[in-house]
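So the structure is just underneath, and the comments pick up after that.
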Amino acid sequence: NAGVTQTPKFRILKIGQSMTLQCTQDMNHNYMYWYRQDPGMGLKLIYYSVGAGITDKGEVPNGYNVSRSTTEDFPLRLELAAPSQTSVYFCASSPGLAPPATQYFGPGTRLTVL
Amino acid sequence: AQTVTQSQPEMSVQEAETVTLSCTYDTSESDYYLFWYKQPPSRQMILVIRQEAYKQQNATENRFSVNFQKAAKSFSLKISDSQLGDAAMYFCAYRSNSKLTFGKGITLSVRP
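Order-wise, the sequence lines are chains F and H. Numbering-wise (our numbering), the first sequence opens with residue 79 and increments by one. Numbering-wise (our numbering), the second sequence opens with residue 408 and increments by one.
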């Protein structure tokens, strides 16, 4: 049981480049999330999805886009990368709002924009 | 908006001793969940313990327990018989509806 998987694990981008961070879960969870974690800080929500075809903005959505065409996949797209997007990105999933409402996290992607 | 505050940036504990990590939160809602996550150097976010706000009984998971004070909006984590493997960053998190709000975290070191 793989849980939540993320690719790549590391990536270095040049300013202005674009890339997609991949996230896949095999737990048939309806809810999926993207967070970023800056050094010495907690996680901040970028985007989330409550099911295929439904996405919504979180706390820090600017500079990112998402799509959710299947239950399993929730890619995060960075357009025109900027140094401020240097961070560690986590994808998470949750079965829904019913107890215990736990989110399960992927291993993270470390992104550096130079 | 909900906020989660972890006011202690760092703590240290002697191996086999007990340590308590503090967390407070601010909310106007009555139905929510609280979590403690552990993040070791590998960066993996690991669920330590969770608490449903409607439950008065404090959650326990082996050496980990919480002191949940709903009226005071306080949710502290107690680690008993600390082990070297407990050294990590610990995050307190609040969940209402579909969103998690994290505190800034606390770095716990364990002295052998």
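Each residue gets a CB set at the ideal place from its N, CA and C atoms; glycine is no exception.
- Task: Decide if Ile-90/F is buried, meaning its Cβ has at least 16 other Cβ atoms within 10 Å, or exposed.
- Result: As a first step, residue 90/F must be located in the first sequence, where it is residue number 12. Looking at its Cβ environment, which holds fewer than 16 other Cβ atoms inside 10 Å, Ile-90/F is exposed.
- Message: For a cutoff of 8 Å on Cβ pairs, would you count Gln-181/F as touching chain H?
- Response: Position 103 of the first sequence holds residue 181/F. Against chain H, the CB of Gln-181/F has a partner CB under 8 Å away; the residue lies at that interface.
- Tell me, please, whether the CB atom of Gly-120/F is closer than 8 Å to any CB atom in chain H? The residue labelled residue 120/F in the question sits at position 42 within the first sequence. So, interface residue.
- Does the beta carbon of Phe-88/F sit closer than 8 Å to a beta carbon anywhere in chain H? The count along the first sequence starts at 1 and reaches residue 88/F at position 10. Closer than 8 Å: no.
- Near-chain H residues of the region 109 to 143 of chain F (beta-carbon distance less than 9 Å), N- to C-terminal order: Hits within the stretch, in order: Tyr-109, Tyr-111, Tyr-113, Gln-115, Gly-118, Met-119, Gly-120, Leu-121, Lys-122, Leu-123, Tyr-126, Val-128, Asp-134, Gly-136, Glu-137.
- Could you give the DSSP three-state label for Asp-116/F: helix, strand or coil? One-based indexing of the first sequence puts residue 116/F at position 38. Annotated three-state conformation of Asp-116/F is coil, per DSSP.
- Buried versus exposed call for Thr-250/F [16 or more other C-beta atoms within 10 Å across all chains shown]: A question about residue 250/F goes unanswered here, because the residues of chain F that appear run from 79 up to 192.
- Tell me Ile-513/H's beta-bridge partners as DSSP assigns them. Along the second sequence, one-based indexing puts residue 513/H at 106. Tyr-497/H, per the DSSP bridge assignment.
- Item | Interface flag, Gln-409/H vs chain F, CB-CB below 8 Å | On the second sequence, residue 409/H is found 2 positions in, with the first residue counted as 1. Closer than 8 Å to the CB of Gln-409/H there is not a single CB belonging to chain F.
- What's the gap between the Cα of Gln-464/H and the Cα of Ser-162/F? Walking along the second sequence from the start, residue 464/H turns up at place 57. Walking along the first sequence from the start, residue 162/F turns up at place 84. If I take the Cα positions, the gap works out to 43 Å.
- Query: What number of angstroms, rounded off, separates the C-alpha of Gln-415/H from the C-alpha of Leu-428/H?
  - Reply: On the second sequence, position 8 is the one that residue 415/H refers to. On the second sequence, position 21 is the one that residue 428/H refers to. About 8 Å.
- Looking at Leu-428/H and the ligand MN, is the gap between the Cβ and the nearest heavy atom below 7 Å? This structure lacks the ligand MN, and indeed carries no ligand of any kind.
- Starting from Met-105/F, follow the beta strand (DSSP E) in both directions and report where the run begins and ends. For the purposes of this step, residue 105/F is taken as the residue at position 27 of the first sequence. Segment: none, Met-105/F is in no beta strand (DSSP E) and carries neither H nor E.
- Task: Note down, in chain order, every chain F residue with its Cβ under 9 Å from the Cβ of Gln-451/H.
- Result: Against the second sequence, residue 451/H aligns to sequence position 44. Simply Phe-183, Gly-184, Pro-185, Gly-186.
- Message: In the DSSP output, which residue or residues are listed as bridge partners for Met-97/F?
- Response: Taking the first sequence and counting its residues from 1, the one referred to as residue 97/F is at position 19. According to DSSP, which records beta bridges pairwise, Met-97/F is partnered with Leu-156/F.
- Message: With a threshold of 6 Å on Cβ separation, who are the neighbours of Arg-155/F within its own chain once the five nearest residues in sequence on each side are excluded?
- Response: Here the question's residue 155/F lines up with position 77 in the first sequence. Answer for Arg-155/F: Thr-98, Asn-143, listed in chain order.
- Query: Alpha carbon to alpha carbon, what distance is there between Pro-173/F and Tyr-167/F?
  - Reply: For the purposes of this step, residue 167/F is identified with residue 89 of the first sequence, where counting begins at 1. For the purposes of this step, residue 173/F is identified with residue 95 of the first sequence, where counting begins at 1. Rounded to whole angstroms, Tyr-167/F to Pro-173/F spans 21 Å at the Cα level.
- Task: Please classify Ser-162/F: does DSSP put it in a helix, a strand, or coil?
- Result: On the first sequence, residue 162/F is found 84 positions in, with the first residue counted as 1. If DSSP states are grouped into helix, strand and coil, Ser-162/F belongs with the helices.
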